[in-house]
Amino acid sequence: MRKYLVWLAALALLAAACADDSGTATTGGPDTTGPDTTVVTIEQTRPVTVTGTALPLFPEEGADPAVGMAMPELEGASFDGTPVTIGNDGRPKVLLILAHW
2 MRKYLVWLAA LALLAAACAD DSGTATTGGP DTTGPDTTVV TIEQTRPVTV TGTALPLFPE
62 EGADPAVGMA MPELEGASFD GTPVTIGNDG RPKVLLILAH W
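Position in the sequence shown counted from 1, then plus 1, gives you the numbering used here.
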């Protein structure tokens, strides 16, 4: 029983440490913010531009009408602002979108 409580306490501390959702990245050390300092922030969400023909809705029955169609091009930015493009380069792709809560 004591081992269980120790693991439960460790898990609770880990969850509390990971629960910061401020959306900014910080590091320790002296405060160097001034006129010549750039502070990089990490954004949790960024806008995405979709270019191309929308894929048809998946029917409840029958074949998928989107099979063989070209995918739309997606343009956006990563958490740190780095540009990201997912385009139709002729290779199959799988986009996996997960929630982290």
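Every residue gets a Cβ at the ideal spot worked out from N, C-alpha and C, and that includes glycine.
Q) Counting Cβ pairs closer than 8 Å, one from the region 66-74 and one from the region 49-57, do we hit at least three? A) yes
Q | Three-way DSSP call (helix, strand, coil) for P84 in this model | A | strand
Q: Indicate the three-state DSSP secondary structure (helix, strand or coil) for T52 in the structure shown.
A: strand
**Q.** Minimum C-alpha distance to I43 - residue among T83, D65, I98 and L96
**A.** T83
Q. DSSP puts G77 in a beta bridge; with which residues?
A. V85
Q: Would you kindly work out how many angstroms separate the C-alpha atoms of E61 and H101, rounded to a whole number?
A: 29 Å
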